[in-house]
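My numbering puts the first residue of the sequence shown at 29, with every later residue one more than the last. Quick reminder that beta carbons are idealized off the backbone N, C-alpha and C, glycines included. Small disclaimer: the values here were computed from a predicted structure and weren't measured. Heads up: the structure comes next, in structure tokens.
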Amino acid sequence: MWNNEAELDAALRRVDAWQASFADRAERVAELSRRLAGMRVTTRGADGLVEATLDTSGMLVDLWLDERTRQQPAAQVAVEIVATVRAARTELLHRMTEATVESLGADDPAGQALVDSYASRLAAPETEASGRATDAAGATDAAG
Numbered sequence: 029m030w031n032n033e034a035e036l037d038a039a040l041r042r043v044d045a046w047q048a049s050f051a052d053r054a055e056r057v058a059e060l061s062r063r064l065a066g067m068r069v070t071t072r073g074a075d076g077l078v079e080a081t082l083d084t085s086g087m088l089v090d091l092w093l094d095e096r097t098r099q100q101p102a103a104q105v106a107v108e109i110v111a112t113v114r115a116a117r118t119e120l121l122h123r124m125t126e127a128t129v130e131s132l133g134a135d136d137p138a139g140q141a142l143v144d145s146y147a148s149r150l151a152a153p154e155t156e157a158s159g160r161a162t163d164a165a166g167a168t169d170a171a172g
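So, in structure tokens, the structure goes:
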């Protein structure tokens with residue numbers, strides 16, 4: 029199969045390089061996984077009345093309301109909650125994208141697929157004319 033010792037050595041070096049490349053990639057993927065697993069994003073609303081914290085999956089894990097919300101109409105507080113959660117989703121996607129690019133590189137197809145998946149899951153639900161946020165299935169978001 030090999031004409032001489034030099035061809036065999038070259039083939040072994042290529043195999044070693046591939047193995048090192050796979051090990052490096054596995055370590056970078058593991059590092060990204062660790063970074064994403066502990067990621068949380070907290071965003072405060074524009075008027076400071078609402079603060080929302082999302083976990084890495086985009087789930088709302090904490091919601092803080094300033095006491096001044098008691099003097100606001102409920103509809104206004106609801107709009108502020110939805111806006112703050114949307115801002116947190118945007119920030120989460122930004123941080124997740126940043127971590128993916130730092131770990132895997134900007135041109136990595138798997139990294140881009142991960143970012144695209146997050147982007148579609150974190151996309152803001154559409155808002156009906158009534159101002160109530162709904163998802164594609166018509167379920168009402170946190171404001172409803």
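Go through its chain and collect everything with a Cβ distance to residue i's Cβ below 6 Å, but skip five positions before and after it.
i    : result
L91  : A80
S131 : R56, E59 and L60
A116 : V69, T71, A80 and L82
V143 : T125 and T128
D94  : L77
G139 : T128 and L132
R63  : A127
Report the three-state DSSP secondary structure of residue i (helix, strand or coil).
i    : result
D44  : helix
D90  : strand
D136 : coil
D52  : helix
L64  : helix
D37  : helix
D144 : helix
A58  : helix
E156 : Confidence in E156 is poor, its pLDDT being 42 and thus under 50, which makes the residue's placement unreliable; the coordinate value appears in the next sentence. In the structure shown, E156 sits in coil (DSSP, three-state: anything other than H, G, I, E or B).
From the DSSP secondary-structure annotation, give me the bridge partner or partners of residue i.
i   : result
V69 : L82
Quick check on the DSSP output: the alpha helix (DSSP H) that includes residue i runs from which residue to which?
i    : result
A106 : A102 to L132
Starting from the C-beta of residue i, find all residues in its chain whose C-beta is less than 7 Å away, skip the five residues before and the five after it, and write them out in chain order.
i    : result
A147 : L121
E119 : V69 and T71
Take residue i and list the residues in its own chain whose beta-carbon comes closer than 8 Å to its own, dropping the five residues that flank it on each side.
i    : result
G166 : Note that G166 has pLDDT 43, beneath the 50 cutoff, so the model's placement of it is unreliable and the number below is only indicative. If we look at G166 and ignore the five residues flanking it on each side, it has no Cβ neighbours.
Please confirm whether residue i has its beta-carbon closer than 8 Å to some beta-carbon of chain D.
i    : result
V110 : Among the protein chains of the structure shown there is no chain D, as only one such chain exists.
Does the pairing of the stretch 65–84 with the stretch 102–117 give three or more beta-carbon distances under 8 Å?
Yes, the stretch 65–84 is in contact with the stretch 102–117.
Between the stretch 89–104 and the stretch 137–153, do three or more beta carbon pairs fall short of 8 Å?
Not touching, per the Cβ criterion.
Does the count of Cβ pairs from the stretch 65–79 and the stretch 38–55 closer than 8 Å reach three?
Flag = no, the stretch 65–79 and the stretch 38–55 do not touch.
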